[in-house]
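**Q** Chains as they are written, first to last, in the UniProt record's numbering: chain A, 1 to 343; chain B, 1 to 748. Virtual Cβ for every residue (Gly too), placed ideally from N, Cα, C. Here's a structure for you.
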Amino acid sequence: MIKLSHGSGGVETAEIIEKLFLKRLPESLKKVAGGLGLDFPDDAAAIPMGDGRYLVVTIDAYTVNPPFFPGGDIGVLAASGSINDVLMLGGRPVAMLDSIIAEEGLPYETLDRVVKSFLSVLETEGVALIGGDFKVMPKGQLDKIVITTVGIGVAERVIVDRPRHGDKIVVSDFVGDHGAVILMLQMGDVDKPEQLKLKSDVKPLTKLMVPLVEKYGEYIHAARDPTRGGLAMVLNDWAKAGGGVIVVEEESLPVRPEVASYAGMLGIDPLYLASEGVAVLAIDPSVAEEVVKFVRGLGFQNARIVGEFREAKQHRGYVLLKTLAGGLRILEPPRGDIVPRIC
Amino acid sequence: MPKAYLIHIIGIVQGVGFRPYVKILADQLGLSGYVKNLGGGEVEIYVEGERSREFLDSLLNGRPKAIYIEDIRVIEVAPRGVRGFTIEKSSQEVETVSMIPPDLAICDECLREVLEGDERRRRYPFNSCSFCGPRFSIIKKLPYDRENTSWTAFPLCDKCTREYNDPKVGGIRRFYYQGISCKNDGPQVKLLDSTGEPIDVGDPISEASRLINEGYIVAVKGVGGFHIFALASDDDVVAKLRKRKKRPTQPFAIMALDLETAGRLAVVNKTAAELLTSPQRPIVLLFKREDSPASPLVSPGLDKEGIFLPYTALQYLLLSEIRDKFAIATSGNIHGEPMCTDWRCVAKLGVADYILDHTLEIVHRVDDSVVRFTAGRPTLLRRGRGYAPVWIKTPLRLGRAAVAFGADLQTAGGVGIGDKAILTQYIGDLDSFKALEDLDRELRWLVQTYRLREFVLVCDLNQTYNSHRLCREWAEEFNAEIYMVQHHHAHALATAADVGVAEPFVAVAIDGVGLGEDGAAWGGEVLYVDGARYERVRHLAYVPMPGGDLAALRPARMALAYLFKYFGEDWDLVERLKLAERLPGGLSEAQIVAREVKKSRLYTSSVGRFLDAVAAALGVAWERTYEGEPAIRLEATAAGGRLIELEAEDQVELFGQLIELYLKGADVKDLAYTAQYKLGQILGKWACETAERKGVRHIVVGGGAAVNDYIIAGLESVCGRAALPSKTPPGDGGIALGQLYYLAHLGV
Ligand SMILES: [Fe+3]
Ligand SMILES: [Mg+2]
Ligand SMILES: [Zn+2]
Ligand SMILES: [Zn+2]
C-alpha cells in the first residue's frame, strides 16, 4: 500500500522509485546518450545538443497546503522551483510548460491570483511559457490545486553533483524558512508567521547562479537547492554520490533562531526543513573563500562555508555534524515516517 | 593409599597464570601429574600423590580471585604412577577459541608491595602480577604475549627477566607474567597542565593529590580511559565540574579508598562488599547514608550513590593522599561521546585543570562497569572493564559464526561462535560517530582475533538505527547475509540465553522503545517466545507519542498524551498539573502537542514513556539530561513509599487514577511507588496468565526497565520469582546476546 511517507522525498521515496522505475529500466533508457538522466540523482536532466552545449530539462508537481503563505504562493513556488532546478544543473532557464489541475469549486479569484504570480515570476526572469494544460477534477478528488511545471534551459557545462576531496560546502542563505512557515500554517498557528516576522524564502535564484556559473563554473562540483528533505537531504545525497564523508560545523549553520526554536517545538531538526530560494554548493577549496565573497556581493549576505567533503575508505556516505561541544553527530538522511530511536 | 584426580575445568580465562599456578601448587604439595590446555577455555588436570585432596581444596577454595572458573568436574581415578608435574603441550594445535582476558583490579599482594614492599615496587604505580593488572585494554592481538600488548614498549630489566624466567625467583605471581615490570623499566607517570604541557614535579601522583585537595579538577589516565577526579565533598568544586562537563544532573561516580570509606558514604552489605572488592571492581549503586560526607550535587535527587574502589596502584596512591579518601572519578568524555584514551583528547575537553598522564598505551577503550541491585540481585547496567570480553556460554550452538550489531543507545555488539557469545565492551550511544567507529573497530577486532569466516550478520529491525546502517555496510563489504530481530524479541532471548533457558518461555520485555513489527514504539510487552518465533500476547495500551523521539526528550509531552487519553482534552487539568510550564515551548508547545495527539502518527506501549509521563505529571522530573533520567528519579522518589490500593486494568487507567489521587493531595512518594509497583503487577498478571495457558515454566524479564526495583517487586508479587540476567545488562547492552541467540534458534 502506498503511504504518505513514500512521497516524502526521503528514504522511502528513493526506495519506491528504485523499485518501480530504476530496477526495471535498462541503463540505455535512463538517459539520452551523452547526457544525464535517471541514472544519477540530480535536480534536472541534460541532453547533449551536439554543439557542446546541453539542453536542461526538469519536471516537478507542486502541491502545497495552504496555497498562500507569507512570502509567496503556489504560483511563485511552481515557477521558481523548476527555474531553480535548471539553474542547479548549470543551465540558464529559457522556457517553461505548465499543467494546472484545479479542484471543482475553487474560487476563481484564487486561481487568478495563483496564475498571476506564476506569470510574474516568468516575466521578471525572462522565461517563456511555451505550452500548458488546464484541467478540473471533481470536488474532493484533490486538494484545491496542483501545478506541474517543466523547466527548460541551456547549459554550457552541466554541474553533475559529485563533490571532490577537500571541497568546501557553501550555503547561500539561511535554511529552512520555507519549511518552517508551511509547518506553522499546517499546525494551525496561523498568527505565528507574522508574529515571528518569518516568511518563505521562495524565489528564483537566477541572479545568483547565472553569474556564479559564468565566473566559477569549473570550480562548482555540485549545486542543489535544498527543497524537500532540506539541507540534510542534499548533504546525504552528496556524501553518497561522492563516496565520502561530509563534515559540517554545527556552529556555522545558517538557521534563523525563530526557525530553530519553532522546529524545536515540533521535534524537527531545521536541517530537514525545505528552503525554496537557497543554493548549496560544493566548491573547490582553492576558490571557496573567493566564491563566498562573490556570492555575498550578489546580494546574498548570509552566504558562508559550512563544512567540507572528504573522501573516505570506510563509512562512505555519512554526514557528520561537528557539535559545539566537539562531538561528531550523525546527520541521517530524511525519512517520511517518524521512527523512534531514543530508548 | 595415594589418591589421584582427573579434573576437567571449563571457562578458564587465558592470561591469568592458571597453568603456572597449578604447577607451582602441585610442586609445593609434592604431587605428580599434568595440566593440559584443551582449547576453548577448557583445561584438564591430572594429579596424584598423598596430598591430592589438599590440591583440590586449594584449587576450589584458595585460588586467586582472578582465576575464573565457569564449571568444574572432578573424578577420582586410579593412580597412574607418573613422575613429576608437567605443563603439557596441547596434543593437537588448539585452534578453538580462547577467552580473551579482561582487565583485573590490583590484587592484595601487589597492593601490599606498593605500600610496604621493597624498593623496586614500593609506590610503583603499575604494579601487577599474574593475577591482576590490565589485560584486554592493552592487548593488540592474541595470544596474550608481551609483544602483543602495550607492555612491549618497556623492555625488561635484569631483575624482572629473572623473575619472569624462574618460578623460584619470581614466585607464582611473576613467573611467566607477560606484564611484568618494575620501577626500573615500567611506564612513566607525568603531570601535564590543561593544555598538555608537562610540569616538572618530583612526584606527579602526590602533586595531583595535592591539586585535587586544593579544589582543582584533574584528569587521570586509568586502565581503559581517563577519569576526571575532583573533590566530592565540596559543593563548589562539584558545581564547577558540572558546569565544565555541561552535565547538570547526571550522577557522578565516587572512588573511595577502601570499604571503610565506602561505608561512610553508603550502605555496604556483604554482597556489595564482595562486588566492590572483586577483580572486576565495578561501580556499584548503593543507598546513600543520610550523613554521607559527599556533596548532594554528586547525584542530585537520587537515593543511590555510584561507588567503586581503586583498581590500580596509581589510583590507590592518589586517593590515599586525598584528604577525604574519596573523590569524584567520572569518565573523561564529552557528553554522549566516547571516553578519552589519550591526553590530547582530554586537553580538548577543557574540563581538567591538570592531567595525570602515563605512557602505557590504551589499545581498547574500556569504560567502568556499573552494577546495581534489582530486587536484591546484582544487575549489570553497563558491562565494561572486568567483564568484557569474557564470553557467555549459550544453551544452544550456532552453526555458522555470526556478528551482532546490538541496538543504538548504551549498546554493545558481539560475535558468536558455537556456543560462545563474545560481547564487546560497552560502546555507548551510536548517534556519536566516534562511538559507531568504536563499535566497528571492536567488532572487526573480534572477527580477526577469533578468525571468523563466512559469518552472518544480525541487527535490529529498526532501519534508522546506526547499528543497522553499519550492519548493511558490513553486508556489502563481506558479502554476508543479514538477519533482523525485533528489539523486544532480542531482549527476551538475551535474558533466556543469560540464564540458560532453551525451551519455550514467557518474557516480559520492558524498556524505552524498540521498533515494533507494526511500526509502533513498543516497550511494555508480554511475549510468548518459542525460539526464533514469538507471539506478542499482550502489551501496554497504545498511547500517542507526540513528536516521536521528542516525547522521550520532553517527558511532559508524554504526560499530556496520557492525560488527554484518560481525561480527554482537559486544559484545566493541564494547568493544575503545570504541564505547559514543564515544556520548553510553554503553552504553545502544549497546544501543538494536543494537535499532534489528535492525529497521531506514532503510538507507543513503552514502559519508559509511561514512567516519563508519571514523573512529569507528579512534578518529579520533566527533563532528560541523561538516559532514563525521569524514570530513575521516579524510582528514587518511591523509596519508602507504600502501595495505594486501586484497581487498574492497564497503565492508562493507572495513570488516570494516580492523577486523581495526586490532585486530592496524596503523597507523591506513595504515588510514585504505586505507579511502578502496580505496573509490575499488571504485567505480572498478564505474564502468569500466559505462562499458565501456554504451559511453560519460565518467565524471564528483559529490557532497560527490568532493573526497576518496584516494577520487579510488583511483578514477582503476582508471578513468583522471574529470571533476570546476571552476566549481561538487561538493557540494550545485552541486545547483541539476544540477537546471536536468535540465530542459534533459527539453526543458522
Ligand atoms: Fe531496549
Ligand atoms: Mg545539481
Ligand atoms: Zn597482583
Ligand atoms: Zn624491572
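Relative to ligand 3, is the shortest distance from any of its heavy atoms to the C-beta of B/GLU109 smaller than 7 Å?
**A** Yes; taking the cut-off as 7 Å, the Cβ of B/GLU109 has a heavy atom of ligand 3 nearer than that.
**Q** Would you tell me roughly how many angstroms separate the C-alpha atoms of B/ARG344 and B/LYS599, rounded to the nearest one?
**A** Spanning the two alpha carbons is a distance of roughly 50 Å.
**Q** Would you say A/ASP341 reaches chain B, if we count a Cβ-Cβ gap shorter than 8 Å as a contact?
**A** Note that residue 341 of chain A is Arg in the sequence shown, not Asp. Closer than 8 Å: yes.
**Q** Against B/HIS335, what residues of chain A qualify as contacts under a CB-to-CB distance less than 7 Å, listed in chain order?
**A** Within 7 Å Cβ-Cβ: ALA325.
**Q** Grab the span of the alpha helix (DSSP H) containing B/TRP343 for me, first residue to last.
**A** Run containing B/TRP343: 343-349, per the alpha helix (DSSP H) assignment.
**Q** So, under 8 Å CB-CB, A/VAL339 and B/LEU515 are touching, yes? Tell me the CB distance rounded to an integer number of Å.
**A** Indeed, because the Cβ distance is near 6 Å, the residues count as touching under 8 Å.
**Q** In chain B, what lies closer than 9 Å to A/HIS6 by C-beta?
**A** By Cβ distance, chain B contributes nothing, its closest Cβ being about 14 Å from A/HIS6, past 9 Å.
**Q** Are the Cβ atoms of B/ALA347 and B/GLY196 separated by less than 8 Å?
**A** Going by C-beta atoms, B/ALA347 is nearer than 8 Å to B/GLY196.
**Q** Any heavy atom of ligand 4 closer than 7 Å to the beta-carbon of B/CYS157?
**A** Result yes, Cβ under 7 Å from ligand 4.
**Q** In chain A, what lies closer than 7 Å to B/ASP431 by C-beta?
**A** By Cβ distance, chain A contributes ARG329, ILE330.
**Q** With ligand 1 as the reference, list in chain order each residue whose Cβ lies under 7 Å from any of its heavy atoms.
**A** Every residue passing the under-7 Å Cβ criterion appears here: A/CYS343, B/ALA407, B/HIS487, B/HIS491, B/ASP511, B/GLY512, B/GLY514, B/GLY703, B/GLY704, B/GLY731, B/ASP732, B/ILE735.
**Q** Which runs of the beta strand (DSSP E), 3 residues or longer, sit entirely within the stretch 211-255 of chain B?
**A** Those beta strand (DSSP E) runs which fall completely within the stretch 211-255 of chain B and span 3+ residues are 218-221, 226-230.
**Q** Out of B/GLY703, B/GLY665, B/TYR710, B/ARG697, which has the shortest C-alpha to C-alpha gap to B/ALA675?
**A** For B/ALA675, the nearest C-alpha among the options comes from B/TYR710.
**Q** With DSSP run on the structure shown, which of helix, strand or coil describes A/VAL53?
**A** Here the sequence assigns Arg to residue 53 of chain A, which means Val is not the residue at that position. In this structure, A/ARG53 counts as coil in the three-state DSSP scheme.
**Q** Please list, in chain order, the chain B residues whose beta carbon lies closer than 8 Å to that of A/ARG335.
**A** Correct list: THR464.
**Q** Nearest-angstrom Cα distance between B/ALA153 and A/LEU271?
**A** Spanning the two alpha carbons is a distance of roughly 47 Å.
**Q** Residues of the stretch 168-188 of chain A with a CB closer than 8 Å to any CB of chain B: list them in chain order, please.
**A** Cβ contacts with chain B: MET187, GLY188.
**Q** Measuring alpha carbon to alpha carbon, tell me which residue in B/GLY399, B/LYS288, B/VAL526 is nearest B/LEU746.
**A** Closest by alpha carbon: B/GLY399.
**Q** Could you check if B/CYS345 belongs to the surroundings of ligand 6, using beta carbon to heavy atom distance under 7 Å?
**A** What this structure holds is ligand 1, ligand 2, ligand 3 and ligand 4, not ligand 6.
**Q** Let's test the definition: count the other Cβ atoms within 10 Å of the Cβ of B/PRO248 and tell me whether it reaches 16, buried, or not, exposed.
**A** Classification for B/PRO248: exposed.
**Q** Taking the continuous beta strand (DSSP E) assigned at B/GLY731, which residues delimit it?
**A** Run containing B/GLY731: none; DSSP gives neither H nor E here.
**Q** Considering only C-alpha positions, which residue in the set B/SER278, B/GLU274, B/ALA266, B/THR271 is nearest to B/PHE290?
**A** Sequence inspection shows Glu at residue 290 of chain B; the Phe mentioned does not correspond to that position. Checked all of B/SER278, B/GLU274, B/ALA266, B/THR271; the closest Cα to B/GLU290 is B/ALA266.
**Q** Leaving aside the five residues before and after A/ALA143 along the sequence, list all residues of the same chain whose C-beta is less than 8 Å from its C-beta, in chain order.
**A** A quick correction: the sequence has Asp, not Ala, at residue 143 of chain A. Contacts found: THR63, ASN65, GLU103.
**Q** Measure from the alpha carbon of B/ILE72 to the alpha carbon of each residue in B/SER467, B/ARG693, B/ILE7, then state which is nearest.
**A** Nearest C-alpha to B/ILE72: B/ILE7.
**Q** Use the C-beta contact count for B/THR261: other C-beta atoms within 10 angstroms, 16 or more gives buried, fewer gives exposed.
**A** Looking at its Cβ environment, which holds 16 or more other Cβ atoms inside 10 Å, B/THR261 is buried.
**Q** Could you tell me which chain A residues have their CB closer than 9 Å to the CB of residue 786 of chain B, listed as they occur along the chain?
**A** The question about residue 786 of chain B has no answer here: the residues shown for chain B are numbered 1 through 748.
**Q** Determine whether the beta carbon atoms of B/GLY519 and A/LEU266 lie at a separation below 8 Å.
**A** Taking 8 Å as the Cβ cut-off, B/GLY519 and A/LEU266 do not qualify as a contacting pair.
**Q** For A/ALA95, I'd like the list of residues in its chain whose CB is within less than 7 Å of its CB, leaving aside the five on either flank, ordered along the chain.
**A** Excluding sequence neighbours, A/ALA95 sits near VAL127, ALA128, ILE130, ILE152.
**Q** Ligand 4 and B/ASP185: does the residue's C-beta get closer than 7 Å to at least one heavy atom of that ligand?
**A** B/ASP185: yes, Cβ under 7 Å from ligand 4.
**Q** What residue range does the alpha helix (DSSP H) around B/ASN466 cover?
**A** Residues 466-478.
**Q** Rank B/LEU452, B/GLY585, B/VAL701 by C-alpha distance to the C-alpha of B/HIS491 and give the top, closest one.
**A** Among B/LEU452, B/GLY585, B/VAL701, the Cα nearest to that of B/HIS491 belongs to B/VAL701.
**Q** What whole-angstrom Cβ distance do B/GLU70 and B/ILE10 have, given they're in contact under 8 Å?
**A** Between B/ILE10 and B/GLU70 the Cβ distance is about 5 Å, and since that is below 8 Å, they are a contact.
**Q** Please indicate yes or no: does the CB of B/CYS719 lie closer than 7 Å to some heavy atom of ligand 3?
**A** Flag unset: Cβ of B/CYS719 not near ligand 3.
**Q** Run through chain A and tell me which residues come within less than 8 Å of B/ALA313, C-beta to C-beta.
**A** Within 8 Å Cβ-Cβ: nothing; B/ALA313 doesn't reach chain A, min ~32 Å.
**Q** Taking the alpha-carbon of B/TRP622 as reference, which of B/SER432, B/ILE644, B/LEU553 has the nearest alpha-carbon?
**A** Per the Cα distances, B/LEU553.
**Q** Residues in its own chain within less than 6 Å of B/VAL668 by CB, not counting five upstream and five downstream?
**A** For B/VAL668, where only same-chain residues beyond five positions count, the Cβ hits under 6 Å are LEU618.
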